[in-house]
Amino acid sequence: MEVFGNLLYGFSIAITPLNLAMAILGVVLGTAIGAMPGLGSVNGVAILLPITFAVPPTAGIIFLSAIYYGAMYGGAISSITLNIPGASTAVATTFDGYPMAKKGRAAQALVGAAVSSFIGGTVSIILFTLFAPPLAEFALRFGPAETFTLMLLAYATFAGLGGGNPLKTIIATLIGLILSTVGLDIISGRPRMIFGDIAGFYHGVNFLVLAIGLYGIGEILFSAEERLVAGDRVAVKVRLRDILSTIKEMVKYKRAFTIGSLLGFFVGMLPAAGATPASFMSYSVVKRFSKHPEAFGTGTIEGVIAPETANNAASTGAMLPMLTLGIPGSPTTAVMLGALVVWGLLPGPMLFIEHREFVWGLIASLYIANVLAVLINLFAIPLFTMILWLPFTILAPLIIVVCAVGGYAPTFSVFDMWLAFIFGLAGYVFRKLDYPLAPMVLALVLGNGTEVSLRQSLIMSHGSISIFFGFEGGVFSHPIAAALMWTSVALYAIPVVGAIIRHFRRRVALAKT
Amino acid sequence: MRRADVALAFGLAALAVVFAWYAQELPIGWVHGEGPGGGFFPFWLSIIMGTVAVVVGVQEFVRGSAPDRAAKRFFTEGGLKQVLLIAIPGFIMVALVDVISTYLAAIIFLLFYTRWIGKHPWWISLLVAVTVPVGIFLLFEKFLLIPLPKGYLDELFYIFY
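Respectively, the protein sequence lines represent chains A and B.
Positions in the first sequence are counted from 1; adding 21 to them yields our numbering.
Positions in the second sequence are counted from 1; adding 1 to them yields our numbering.
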């Protein structure tokens, strides 16, 4: 039982005063950010990332994952009391959470959300602990061909499963990849893509500048325009009695918890999916298997359990591929992966060997962060609802200032401050016209690895792309690469096949009339 | 919405041409003894990006004629004003960073937005405009040891160290 030894070792790291303090700070800040309408975990992690420059990487990642967790808890607060989702991950929580609050059961809904989040998160961490070491060991055998096809698969999931126009997804991915080539060519060392001779581009486009631009500044511009319409504010008081009675009530919904946790974990692992679709899927699946499907939407606690269990489970699930394969499972983990690079760590399976303290410290801290989050949430809900009183006209300029400073911090360059604002404007336009932002950030973070593995593979195969389909020198020697490649091809084909089927159906329908 | 959709798609296609132009400054083909050249990856990605963007542009042009899509406006009612009211002061703040220091620029920006756009009372505006920069100063200069740009006012900040 090597896992237990490692986990114990991890706890010994996670409970050191600095790491514990970072976890508490992260959970509190994360819950506050999650509770603010419009801002979610990805915004929180991107905006607060510069703080981690002051601490060692282990404390840094503990801080970021605590924010991630906290935001998942916090998102439910404004969903339930205001009918405004605190983050996209909490949209499904409004379906039954707000009706419950209207019926005078706001306390029950909030307690239900917190307890569900705790259960979803904990089940998911246990799965994570069991799955991570074997997956990392498997990934250790990956060569350049496997690495490249794996990254291609990550991009393909966005086009195949991401919804929306797949061509726009492809454009977003390509922009991220092209931005990653700005600066010095990693192999020949020569400057490239510096657009004439612009000095600010020599150090490349820092991913944090893009993340802060898109998720910080762009988000504020977007919310400045979208006037969020709040329902009637519901006053909340949570007493110990409410907590106990709600937990008693929730015991009979074991099936909702099981579906939410498992669905969340596995959906969360997929790069394109993450917590938002996981929460929607869980809501509809739990509704289908519920004894009282008619109660959904009118304010049943089962309708709060389903999405809240799933979104927390998914956020842990998304960390599994990030840590073991170096492929983030959600926008937030993409930003976290970029942070790893900034701290000088090489994401991927080697972390499990070279940085045991980092990996196991993080895993243990997830257990701790989850306990902290549920306690802080149950006893400080009224405090967090006060954050909702903070008006946009104070929050917005505050975040803009923090973003400007955050754009400067990683590179010490005012040029990057400008760049962050330009990315902010671009992100705003992209969001309005349905170009997805997540693949762009993911592609910028993974771009270097993608290019290096592509070029190394081509050198190995003397310029033949057959290596990605498993063949090297005419011999089938890379089965994993072949499997990953064909899956990517299939994912890119899904939208095309779908469009063809729709086209023929329409023609059949027209012929009938 | 249709005009914006089509314009962005063709704008991105043009951007892809710019990318491709700068990418081919390094070899885009096979370099003997080195494998694919430094321009190989960005160049071919730009070519794909340009092609896909043109397809999207044509797609939006055809699809955009559907009444539900054509009627939708890019900006919501009064939305442009709200966006510009935060974007322009934001850009001005960044422009001032290298002149009157990050802190003074932030104070002016925060005061302007909370007082004139947000219409908050003076004491709230002042509270926000002072505590935020002070907090940033403590976090970055003292805790993170990252000096932020101070423009021509560099010497004024000596007293704070």
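From the three backbone atoms N, C-alpha and C, an ideal C-beta is built for every residue, glycine too.
On a predicted model such as this, the values are computed, not experimentally measured, just so you know.
Ranking A:Lys308, A:Leu284, A:Gly51 by CA distance to the CA of Ala299 (chain A) puts A:Leu284 first.
Among the residues facing chain B, Arg211 (chain A) is included, as its CB has a counterpart in that chain under 9 angstroms away. Nearest C-alpha to Ala334 (chain A) among A:Leu148, A:Leu173, A:Leu131: A:Leu148. When the alpha-carbon of Pro71 (chain A) is set against those of A:Ala430, A:Ile101, A:Val435, A:Asn469, the nearest one is in A:Ala430.
Annotated three-state conformation of Leu205 (chain A) is strand, per DSSP. Here Trp507 (chain A) carries a helix assignment [DSSP, helix/strand/coil]. Nearest neighbour of Phe286 (chain A) by Cα position, chosen from A:Ile241, A:Gly350, A:Met271, turns out to be A:Gly350. Per DSSP, the unbroken alpha helix (DSSP H) holding Ile108 (chain B) starts and ends at 80-113.
Interface criterion not met: the Cβ of Gly184 (chain A) is under 9 angstroms from no Cβ in chain B.
Here Gln25 (chain B) really is in contact with Phe44 (chain B); their C-beta atoms are around 5 angstroms apart, less than 8 angstroms. Trp117 (chain B) carries a helical assignment under DSSP once its states are collapsed to helix, strand and coil. Between the segment 92-112 of chain B and the segment 121-137 of chain B there are three or more inter-stretch CB-CB distances shorter than 8 angstroms, so the stretches are counted as touching. Contact between the segment 128-147 of chain A and the segment 389-401 of chain A is established, with three or more Cβ pairs separated by less than 8 angstroms. No Cβ of chain A is located within less than 9 angstroms of the beta carbon of Glu156 (chain B). Three or more Cβ pairs drawn from the segment 452-470 of chain A and the segment 351-360 of chain A lie within less than 8 angstroms of each other, which places the two stretches in contact. Per DSSP, the unbroken alpha helix (DSSP H) holding Lys308 (chain A) starts and ends at 296-310. Three or more Cβ pairs closer than 8 angstroms define a contact, and the segment 83-99 of chain A meets that threshold against the segment 110-125 of chain A.
Neighbours of Glu167 (chain A) in chain B, taken as residues whose beta carbon is under 8 angstroms from its own, are absent, since the nearest beta carbon is some 18 angstroms off.
Interface annotation, His33 (chain B): not in contact with chain A, CB-CB separation never under 9 angstroms. Nearest CB-CB separation between Thr178 (chain A) and chain B: not below the 9 angstroms threshold. If you draw a straight line from the Cα of Pro28 (chain B) to the Cα of Leu174 (chain A), it comes to about 27 angstroms.
Put simply, the CB of Leu139 (chain B) is far from chain A, with every gap to its CB atoms at 9 angstroms or more. The beta-carbon distance between Ile83 (chain A) and Ser386 (chain A), rounded to whole angstroms, is 4 angstroms. This is short enough to meet the 8 angstroms contact definition.
Cβ atoms of Gly338 (chain A) and Ala232 (chain A) stay farther apart than 8 angstroms, at about 21 angstroms. Ranked by Cα distance from Leu198 (chain A), the first of A:Val257, A:Val226, A:Gly217 is A:Val226. DSSP places Val131 (chain B) inside the alpha helix (DSSP H), whose first and last residues are 123-138. Within the segment 411-440 of chain A, contact with chain B at the beta-carbon level (separation under 7 angstroms) is assigned to Pro412, Thr414, Ile415, Ala417, Pro418, Leu419, Ile421, Val422, Ala425, Val426, Tyr429, Ala430, Val435, Met438, Trp439.
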